[in-house]
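Quick note on our numbering: the sequence shown kicks off at 28 and runs consecutively. Backbone N, C-alpha and C fix where the C-beta goes; we use that ideal spot for every residue, glycine too. Heads up: the structure comes next, in structure tokens.
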Amino acid sequence: MSCHIHIKSPSTAVGLILGRGINACYIENLDKVDTWDDDYSKLKQVVINMQSSAFGENGCISHIRRKYDEEIDFSSINPGKQ
């Protein structure tokens, strides 16, 4: 499943892919990206892509998981890792 969302204004956008893992991306102003080493003069924004598969596999989010999370995890191809 994938989607693209506009929140409150057409200039706010988020992309999300739910599949074997979870990917999300959003547009960020380049002046807020500390790790950018290239030329700032041409670009004003960049797309930040985040991968979060196996998120919480060490138990760090167990306290907020609910029965639905457990059911989905248990029925996945990698129980305990998605």
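**Prompt:** When the Cα of residue 87 is compared with those of 107, 49, 74, which residue comes out closest?
**Reply:** For the purposes of this step, residue 87 is taken as residue 60 along the sequence shown, with counting starting at 1. Cα-wise, what sits closest to residue 87 is 107.
**Which of helix, strand or coil DSSP assigns to residue 104** = Position 77 of the sequence shown holds residue 104. Residue 104: coil per DSSP, three-state reduction.
**Prompt:** Between the region 38–55 and the region 72–80, are three or more C-beta pairs nearer than 8 angstroms?
**Reply:** Taking 8 angstroms as the limit for Cβ pairs, the verdict is that the region 72–80 does touch the region 38–55.
**Asked** residue 91 to residue 69, Cα distance in whole Å?
**Response** Counting from 1 along the sequence shown, the entry for residue 91 is found at position 64. Counting from 1 along the sequence shown, the entry for residue 69 is found at position 42. Taking the straight line from one Cα to the other gives about 43 angstroms.
**Message:** From the DSSP secondary-structure annotation, give me the bridge partner or partners of residue 56.
**Reply:** Within the sequence shown, numbered from 1, the residue matching residue 56 stands at position 29. DSSP lists 72 as the beta-bridge partner residues of residue 56.
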